[in-house]
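First to last, the sequence lines map onto chains A and B.
The first sequence runs 0 to 111 under numbering that gives the first Met the number 0.
The second sequence runs 0 to 153 under numbering that gives the first Met the number 0.
Think of the CB as a built atom: it goes at the ideal place given N, C-alpha and C, for glycine as much as any other residue.
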Amino acid sequence: MDAQKVEMFLMANSKYFEAHQLPYIHEQLSKMDESRSLMLQTIEFRDPVTVLIVSILVGQFGVDRFLIGDTGLGFAKLFTCGGLGIWTIVDWFLIMGRTRETNFAKLMRLFY
Amino acid sequence: MKRTLQSSCASSIDDMKRNKLYTSFGFLLIAGYTWLLWNLKYSDMQENVTAHTICLFRRFTGIPCPSCGSTHALMALSQGRFTDAINYNPIGFVIGIAMLIIPIWIIADLLMKKESFYIVYRRLEQLLRKRWVAIPVILLIACNWIWNIYKFRY
């Protein structure tokens, strides 16, 4: 993918990833061929802040986990009343990092 | 050479995910058993439930969540009262079975250095992501929730 497109992608999407992942993403995107750049636009990334808000409001029902794709943990959270309430609170702190992790994993699938 | 590096990276990421999963379930189980045993010893089931609830949703809105009453259900199950357990919350059965099977499974995996629980968990997760599975499950949970609201409104 050409340098300009890579820069544009990073500018628009840096909030979806951890800061330390950005150089690696830059490198991989530059090496990637054009045919995959279309697929890049089809990936659905989750905004960590949106997921955080969801976690605070309805985190008890595991909706935050469902949004990121942690379906199993989402159901576990739902069945245990937000992990006895403790998991709900713990997730308020963990969920943003976890969202960025899953966003990164989605992006990585494109490269391999 | 690159392939091997990639696949060994992938397998160590998999290892990390498996360890995280086992630790998460470990914590959940310990918390769950502690909560259950504490309740069995100290709480009187006739007391006003809302005062002691751990359900943040119910504390804030007064409306029960789909799994409210599952502690009571588990307590009833541990005393052999199956009809009572269903009446408190059918989800108690799901939790009860999980609380029995999962610790044994995880410990067996750790002892035999396998990851069968992790593999089955991943498959179940993929299954649950499919619409034709997820929708009926969500409908069941919704029905249970409606029943809960009907039961617990004071």
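Supposed close pair residue i, residue j - CB separation, criterion 8 Å
i        : j        : result
Glu17/A  : Arg99/A  : 5 Å
Phe151/B : Cys64/B  : With a Cβ gap of about 10 Å, Phe151/B and Cys64/B do not count as contacting.
Phe24/B  : Ile101/B : 6 Å
Lys44/A  : Tyr23/A  : The question names Lys, yet the displayed sequence has Phe at residue 44/A. Actually they are not in contact, since the Cβ atoms of Phe44/A and Tyr23/A sit about 16 Å apart, beyond 8 Å.
Phe60/A  : Leu77/A  : 5 Å
Thr79/A  : Leu27/B  : 7 Å
Ile42/A  : Leu106/A : 7 Å
Ile105/B : Tyr21/B  : 6 Å
Close beta carbons around residue i, own chain, < 8 Å, minus the five adjacent residues each side
i        : result
Leu76/B  : Ala84, Gly91, Phe92 and Gly95
Ile148/B : Ile62 and Pro63
Leu127/B : Ala133 and Val136
Leu88/B  : In the sequence as presented, Leu is not what sits at residue 88/B; that position holds Asn. For Asn88/B, where only same-chain residues beyond five positions count, the Cβ hits under 8 Å are Ser66, Cys67, Gly68, Ser69, His71, Ala72, Asn143 and Asn147.
Ala2/A   : Ser29
Val5/A   : His25, Leu28 and Ser29
Gln38/A  : Sequence inspection shows Met at residue 38/A; the Gln mentioned does not correspond to that position. Within the same chain, Met38/A has close Cβ partners Leu109.
Ala75/A  : Gly61 and Gly82
Ser10/B  : none
Lys212/B : In the structure as shown, chain B begins at 0 and stops at 153. Residue 212/B is therefore absent and cannot be evaluated.
Phe81/B  : Ala75
Sequence-distant residues of the same chain with beta carbon closer than 6 Å to residue i, five excluded per side
i        : result
Thr101/A : Ile67 and Gly68
Gln20/A  : Phe103
Met95/A  : Pro47 and Leu51
Met113/A : An answer regarding residue 113/A cannot be provided, because it is not within the stretch 0 to 111 covered by chain A.
Thr87/A  : Gly58, Gln59 and Gly81
Leu26/A  : Correcting the residue type first, residue 26/A is Glu in the shown sequence and not Leu. Answer for Glu26/A: no residue qualifies.
Leu144/B : Going by the sequence as given, residue 144/B is Trp instead of Leu. These residues qualify, in order along the chain: Pro65.
Ile140/B : Pro65
Met7/A   : none
Residues near residue i in its chain [Cβ-Cβ closer than 7 Å; skip 5 each side]
i        : result
Asn38/B  : Thr70 and Met74
Val62/A  : Val53
Asp90/A  : Ser54, Gly58 and Asp63
Arg122/B : none
Tyr120/B : Leu20
Lys40/B  : none
Ala97/B  : none
Are three or more beta carbon pairs between the segment 105–119 of chain B and the segment 52–59 of chain B nearer than 8 Å?
The answer is no - the segment 52–59 of chain B does not touch the segment 105–119 of chain B, with fewer than three Cβ pairs under 8 Å.
Which whole runs of the alpha helix (DSSP H) in the segment 97–149 of chain B are 4 residues long or more, in chain order?
115–128
Taking 8 Å as the cut-off, does the segment 27–34 of chain B touch the segment 81–91 of chain A (at least 3 CB pairs, one atom from each stretch)?
yes
Mind listing, in chain order, the continuous alpha helix (DSSP H) runs of no fewer than 4 residues lying wholly within the segment 57–81 of chain B?
Listed in chain order, they are 69–77.
Taking only runs that begin and end inside the segment 12–72 of chain A, name each unbroken alpha helix (DSSP H) of 4 or more residues, in chain order.
21–30, 36–41, 47–57 and 62–67
To test your reading of the DSSP string, which unbroken beta strand (DSSP E) runs of 3 or more residues are found completely within the segment 77–106 of chain A?
If you keep only unbroken beta strand (DSSP E) runs of at least 3 residues inside the segment 77–106 of chain A, you get nothing at all.
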